[in-house]
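Numbering (my numbering), first residue to last: 145 to 995. For glycine and all other residues, C-beta sits at the position ideal for the given N, C-alpha and C. Model, not experiment: these values are computed from the prediction. Reading through the structure tokens given below for one structure.
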Amino acid sequence: MKFKVNHIFILLFIFFAGKLIGQSTTVIKGTIRDSKTKELLPYVTVFFDESNVATTTDSLGRYRIETVHTTYTVLKVMLIGYNPVLKEVTPGVEQTIDFKLVAEGKVLNEVTVKSKRTKYRNKDNPAVELIRKVIDHKAQNRPEGFNYYEYEKYEKIQFALSNITEKFQNRKAFKKFQFVFENIDTTKLEGGKAILPVYLKESISEVRYRKSPQAKKEIIKGNKTVAFEGYVDSQGMDAYMKYLYQDINIYDNNITLLTNQFISPIANISPTFYKFFITDTITENNQKFIRLGFVPRNHSDFLFQGVMHITLDSSYAVTKIDMSVNKDINLNWVKELKINQDFEKKEGQGYVLVKDEFSADFGLSKGKMGIYGQRIASYKDFILDKPRPDQDYKGDAVETNDSADFRQDDFWKNKRHEELSKSEQGVYTTIDSIKKVPAFKRTLDVIVILFAGYKSITPYFEIGPLSTFYSFNPVEGFRLRVGGRTTNAFSKKVVLEGYGAYGFKDEKWKYFGGVTYSLSKRSIYEFPVRSIRVNYQRETKIPGQELQFIQEDNILLSFKRGTNDKWLYNDIANVEYLTEFKNHFSFKLAYKNWTQQAAGGLNYSKTDYLDIVNREKNLQTSEFALTLRWAPNEKFYQGKTYRVPITFKNPIFTLRYLQGVKGFLGGQYNYQNISLNVIKRFYLSQIGYTDVVVEGGKIFGTVPFPLLDIHRANQSYAYQLQSYNLMNFLEFVSDEYASINVDHYFNGFFFNKIPLLRKLKWREVISIKALYGSISPNNNPNNNPDLLKFPVNIDGNPITYSLDKKPYVEGSVAIANIFKFFRVDLVKRFTYLDHPNISQLGIRVRFKFDF
């Protein structure tokens, strides 16, 4: 069966719902221009006369408005400084009506006087003076002005397939799924595009806030989610949704959204980046507001465009804001994005957020099917400046009641802040039906193979990863591997896993077998984990190759540059005890018995490295380890074999201590190895963000070179973030070292300002990596004859070195986001250029999905 991309869209999330409601709708769209200058006018008020159905033009002077009321037959356009215009419309049909506004005489006279000032200016601009008043009053208007507050929060997150056409529905591939198309919604997207809800999550919670000492706690009282157990990681999906749809606070100077930072329209520096326009004065609930429009000075910058309502009293508070992003922005996959927030003044000081809506239409290209996502949060039952005992703010920042996941329909009927639409209700009512369709199960199996690499062969066992079934290397030659693991249907507490592999050149079997037992009620894939793991492995390895989120025998890594003949045969017995806490602190206790045997061109010799007759047969260590890890507020997606971090906004600390014990179960050496790794992302607003990795380590004791820190080299053509991409395997070893890696992502800051490059949506990246280390005399085989000799090439020239003379430094410049997926680096090596068989310059490629 062949599957196209849009087929996968329809089946990747299929959870389903809603009914198509057919009725006669009046839809009007068009543009509004200045009659004299012909310029398109942004944020003009457009409404049906004698009604509350209204909209505004966007930054390009375009509007769209619709209604089902056939009595509305006159469309009215108003903008301060222009004469209002009324035009008759035909009810019940879609039509295009353009407007040309004539400026009032008084304004025309003023324009004539100031005709030389053709450019927008901040000086003497009443709109800019108004926004500066708003900025000056932010402290007294933001909700943090209260010492204490509480409220009830209702949150709804949904995904839907967007732009569902009749032609698409009638395809043969969906013949057995036709019942899901009975539930389509046409009310959410502009233009009445059809959407089909496929994912829905609701929650009810109580939120408590204390200003000093600052604390914020959320207690979730109800959760309701659709899920496909065994196919979708619900916990990881929930974490990713919260990351995409995190709370947006317009009072912050910078707003993080979809992996980027946007300057708020009421940021302290917003007049430098935005243009502001007073478009109207309106009255709501007997209170007057100024309608203030805002657009980016540069449409390609990470800025918003929209309108806000500002009070006409001395508070200068924002009571409503509707904003979106410009189509020229360098943002992947997003075809349409809207943010709407409503605020209310409460007793005492400050305005509180009462309604928050974020929606986006994601897709590969305009006009094609995509995925529509929406997050709606509403807040009510505020309790202000009423303190609670200290214990009410302690514990986890987010806690879930034991009964939250088991609430009945009556609870949701009484607690929802707004009714679900018919299409949303269908998400819950049709999920069981779609899960029973055999064709759906087969299709989802294919998708899981493509994205996760595993295929279920029974409900209890799955084989994979698919990418490791075939590979090749100079030691094993052509290599076949097959393996798998048990599923949650077999047991949620016990996971059995293993594989077997055979090399046709060395004619040797490699294998792995292990068991993991969960010590909690959760599975080993569900955070926080508490587990014991025991495994044994016989396998090959390249000394110094450490990979991220990928298997070492992945077929794509079989292609390597330069000489790659120094390998190891490893026999490893391993026992691990892992405990994770909800605050994302974890510790791991482990024991490893490791036997290394040199393979290929690698030799173990204390006299002459090239003497293969008298070489050491193997090297054995018996090692205890303690790993402490703290990743505050970490977000990740749980895969089948690893976790993928979603963001590094907060630092991640990893401290590791190893103790080698001589004489215990064959261990040959006493030593201690301690290392610390810290990762942190720094956001720099409009110029992107910087990822910094700092690491250091030291070995105490006398050990041969295979037990030194063999620095992470990369001889593949794939760019590795935490490896040295122009360093050869085994080129540098140390018993103490310090390193720093810096990657700065400009997110198109420069390319977006070049017309020919703007459409490509390329992004600039620069990187620098520096490593400094040394080897103490007792660990240097040139000084200590009892140690194994450093490797040399066939001519007897050394290929393994210390870093005593100077640091190893390499850097790169890259173009990222090529075809929205690829990053291509031009890497330059700056030091140790006299070493044999090294590359001073190279091209490396990395695949990455990003917004």
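Is it buried or exposed, residue i, if we count other Cβ atoms within 10 angstroms and call 16 or more buried?
i      : result
Asp879 : buried
Glu491 : exposed
Glu778 : buried
Trp711 : buried
Arg286 : buried
Ile348 : buried
Glu232 : exposed
Lys361 : buried
Asn558 : exposed
Glu254 : Confidence in Glu254 is poor, its pLDDT being 34 and thus under 50, which makes the residue's placement too unreliable to answer from.
Leu977 : exposed
Ser860 : buried
Ala304 : buried
Glu428 : exposed
His855 : buried
His453 : buried
Gln816 : exposed
Gln692 : Any answer about Gln692 is weak, because its pLDDT of 48 lies below 50 and its placement is not dependable; what the coordinates show is given next. Burial call: exposed.
Asp202 : buried
Tyr604 : exposed
Thr944 : buried
Ile987 : exposed
Trp653 : exposed
Excluding the 5 residues preceding and the 5 following residue i in the sequence, name in chain order all residues of the same chain whose CB lies nearer than 6 angstroms to its CB.
i      : result
Arg787 : Phe780
Ser749 : Asp755, Arg759 and Lys933
Lys726 : Asp540 and Pro672
Met871 : Ala857
Ile884 : Val838 and Ala914
Asn737 : Ala717, Ser766 and Leu809
Asn545 : Lys365
Leu789 : For the sequence presented, residue 789 should be read as Pro rather than Leu. Answer for Pro789: Phe780, listed in chain order.
What does a CB cutoff of less than 7 angstroms around residue i pick up in its chain, not counting 5 residues either side in sequence?
i      : result
Glu620 : Gly647, Lys649, Asp650 and Thr684
Asn762 : Thr739, Gln740 and Gln741
Is DSSP giving residue i helix, strand or coil here?
i      : result
Pro341 : strand
Glu562 : coil
Asp534 : helix
Leu204 : coil
Trp477 : coil
Asn896 : helix
Val237 : coil
Pro942 : strand
Pro929 : coil
Thr922 : Note that residue 922 corresponds to Asn in the displayed sequence, not to Thr. Helix.
Thr798 : strand
Arg352 : strand
Lys524 : strand
Pro980 : coil
Val197 : coil
My guess is that residue i and residue j are in contact by the Cβ rule of under 8 angstroms, so how many angstroms apart are they, rounded?
i      : j      : result
Arg825 : Thr798 : Rounded, the Cβ-Cβ distance is 16 angstroms, inconsistent with contact.
Asn923 : Thr846 : 6 angstroms
Gln740 : Pro850 : 6 angstroms
Tyr187 : Thr169 : In fact, because the Cβ distance is near 25 angstroms, the residues do not count as touching under 8 angstroms.
From what residue to what residue does the beta strand (DSSP E) around residue i run?
i      : result
Leu915 : Arg907 to Ser918
Lys282 : Unbroken run through Lys282 is the alpha helix (DSSP H), Lys282 to Asn285; no beta strand (DSSP E).
Leu900 : Where Leu900 is concerned, there is no enclosing beta strand (DSSP E), although the alpha helix (DSSP H) it sits in stretches over Pro899 to Arg902.
Leu223 : Note, Leu223: premise wrong, no beta strand (DSSP E); not H, not E.
Thr369 : Ala359 to Thr369
Thr630 : Gly621 to Thr630
Phe991 : Leu985 to Phe991
Val639 : Val638 to Gly647
Ile843 : Tyr833 to Phe844
Ile818 : Tyr815 to Tyr827
Ile399 : Asn398 to Leu401
Asn737 : Phe729 to Gly744
Val953 : Tyr952 to Ile962
Pro440 : Gln431 to Pro440
At what residues does the alpha helix (DSSP H) containing residue i begin and finish?
i      : result
Pro415 : Ser414 to Phe417
Looking only at its chain, what residues have a beta carbon closer than 8 angstroms to the beta carbon of residue i, apart from the 5 residues adjacent to it on each side?
i      : result
Pro228 : Lys220, Val221 and Met222
Pro415 : Asn266, Val272, Ile275 and Arg276
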